[in-house]
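Numbering (the numbering used here), first residue to last: 326 to 565.
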């Protein structure tokens, strides 16, 4: 059994036990604390994409921890994988995935999205989203889903977590620690150490790849200049 298959088996059992099943079978214990916003419906139960080659071919194990899926996104691991892999084969991608693939290229040494997608795992740090809007969920949803993100990290055991957007790390912010001794201010500002139950890995606090308007300049600088430096630092300072 490959690492990808082992993780898939473990997370499927976990999602089932926690009621994180897409659609009408959704039975998260926090469902009564997370009501639908007035006049809106929520899509509930987004499971993660698990690349079929995760951890293989000597590639770093990268977990992309994004926000909520938006636009009615929900699906099982298999459904999510099919959708993500299919989208990666397209000639053009939205801002979010364009930035995601650029980020992955720095760590995996591969630029082709249709190849990168098989080596990453991607999760949504909020398992619910708005049915007919891409507007971000309230921060309290991300906080409640934090234990699910932490459980996923424990199972996935990545080398690096790429947290996309401020809210994506809300649920596990107490487990992210500054790293002493980094002289480059840009690197030290965004790089953290995730620590939980004896497991450590790097965590990068990324500007969201689709950040626009007043954040456009900062986004471009982060993905073109800062993130490559962070990737180089991580590669030259492997955790023991």
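Even glycine gets a Cβ: it sits at the ideal position worked out from N, Cα and C.
Residue nearest to residue 454 in terms of C-alpha spacing, selected from 326, 362, 552: 362
Cβ neighbour criterion (16 or more within 10 Å) applied to residue 449: buried
Close Cβ partners of residue 426 (< 6 Å) along its chain, the five nearest in sequence each way excluded: 438, 441
Residue 332 versus residue 341: straight-line alpha-carbon distance, rounded: 14 Å
Three CB pairs or more closer than 8 Å across the segment 497 to 506 and the segment 472 to 479: yes
8 Å Cβ cutoff met for residue 446 and residue 376: yes
Option in 372, 491, 565, 558 with minimal Cα separation from residue 401: 372
Endpoints, beta strand (DSSP E) assigned at residue 369: 367 to 369
Buried or exposed (CB count within 10 angstroms, at least 16 for buried), residue 547: buried
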